[in-house]
Each structure stands twice: as C-alpha cells, then as structure tokens.
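Colleague: This is the structure, below, for whatever I ask next.
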Amino acid sequence: MIKLKDLLSEAFADSHPKNKFVSLSQQDLAEFAEDIIDIITKAYKDKGGNLEFKDAQSLKSSDLTYWVANDIDEDPNIDIAIGGKKTSYGTKVTVIGQDGSKESRKEAVLKIIKLMKTRGFYAELDLDLAQKFGLDYIKDEAQIRKILNKEIKYNADGTYDRPIQGEVHTKVLVGIPKV
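Residues in the sequence shown are numbered from 219 upward in steps of one, following our numbering.
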C-alpha cells in the first residue's frame, strides 16, 4: 500500500544537483535518513555492519556535523554519502555509504582519496583499505596519540589497536590533520 507521506516526500534529486557532492543540512539529514542508512548498511555489510549507525535514529542523533552526498545515476536517490565530525585537527571522516553499484563504489573511493589529500581532513582506516586506496598513513606515535586523544596500543608497523564500540580494532591514521 502506498502511503500519502511517500507520495509527498521529495527525492534527493528534486532539490539537489546530480553528479555533484553537496553538503547536507540537518534538514536534509532528517529527510533522507532512511536512504542514507540504507547505503551505509550496504557499504559495511561485508564488515559486519557499521559500528555506530544501525538505523535512521542513530544517524539523526549522532554528533557528526559534516555530511556530503551525491546522486550519480538515473534514479533520484542518494548514491553516496560521507560523514564526519569537526575536531580541533580538522574534519575526521568516520562513515561512508554507497549504494553498492560499481560506479558509486568508485566515486566514493575517489572522494575519500581526494578528502584525505586535503589539509584538514583525516580518518582512521583498516590498513588494507588505506593500502588499497594508495593512502600513506601517519606513523608518528606521538602525533597519532595527540590527534586521537584516545587509548591506543601502538604497533611497530605504525598501526594501532584501540577499542571501538567495545571491540578492539587495528587501524591506521590517514589524511592531513591540522597539527
């Protein structure tokens, strides 16, 4: 059964340009939360899901203030979304979503690479992902500790282990944080 609300709601492309990353307002985030959660879920399905975002409510109540999205195909829905939070070292990119298509995966990776080569953007990634993206990672233990300001166990290869949502994960710090 089609609901009146569904007929009245706008698609992303009704108010945003196609093939261009645009900043999302809080209103956009609320309006397109279900679509964004859907593509985040698709992007993290092989990793067991995203640790922070499980549903639209978790997205709406998060502390992320940086959101960009892009619609790159013929349908009017969001195909790629990237989120992060402002810190004293710049914007820490913490989540990415894509609709699973080859094109959206490629464009999402290209955007992440571009952001990580832009002063003031950084992220924690799994080592294999950083290597796959061709991104150098910060190996200076003191700098990593200063930027993260979290409990870590530094490893000799420049990776570090830290608890995230109750589980220990091995990560690397990529990008160009403001230090």
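Ideal Cβ positions, reconstructed from N, Cα and C, are used throughout, including at glycine.
Treat the numbers as computed from the prediction; the structure is a model and nothing was measured.
Return the Cβ separation of Lys389 and Tyr378 in integer angstroms, given the expectation that the two are a contact with Cβ distance under 8 Å.
Modeller: Rounded, the Cβ-Cβ distance is 6 Å, consistent with contact.
Colleague: Can you look up Ile254 in the DSSP assignment and give me helix, strand or coil?
Modeller: Of the three classes helix, strand and coil, the one that applies to Ile254 here is helix, per DSSP.
Colleague: Is Asp281 near Lys303, with beta carbons less than 7 Å apart?
Modeller: Yes.
Colleague: Per DSSP, which one or two residues make a beta bridge with Thr305?
Modeller: Gly308.
Colleague: Among the residues of its own chain, which have a CB less than 7 Å from the CB of Ala251, if the five just before and after it don't count?
Modeller: Cβ within range, chain order: Ala274, Leu277 and Lys278.
Colleague: What is the DSSP secondary structure of Leu225, counted as helix, strand or coil?
Modeller: Low confidence applies here, because Leu225 scores a pLDDT of 46, under 50, leaving its location unreliable and the question unanswered by this model.
Colleague: Do you know how far the Cα of Tyr340 is from the Cα of Ile394?
Modeller: Roughly 6 Å separates the two Cα atoms.
Colleague: State the Cα-Cα distance for the pair Asn313 and Gly301, rounded to the nearest angstrom.
Modeller: First, the amino acid is wrong: residue 313 is Val here, not Asn. Straight-line Cα distance between these residues: approximately 5 Å.
Colleague: Is it the case that the segment 226 to 239 contacts the segment 284 to 296, given that we only count it when at least three CB pairs across the two stretches are under 8 Å?
Modeller: Verdict: yes, contact present.
Colleague: May I ask which residues mark the beginning and end of the alpha helix (DSSP H) holding Phe271?
Modeller: Premise fails: Phe271 is in no alpha helix (DSSP H) and is neither H nor E.
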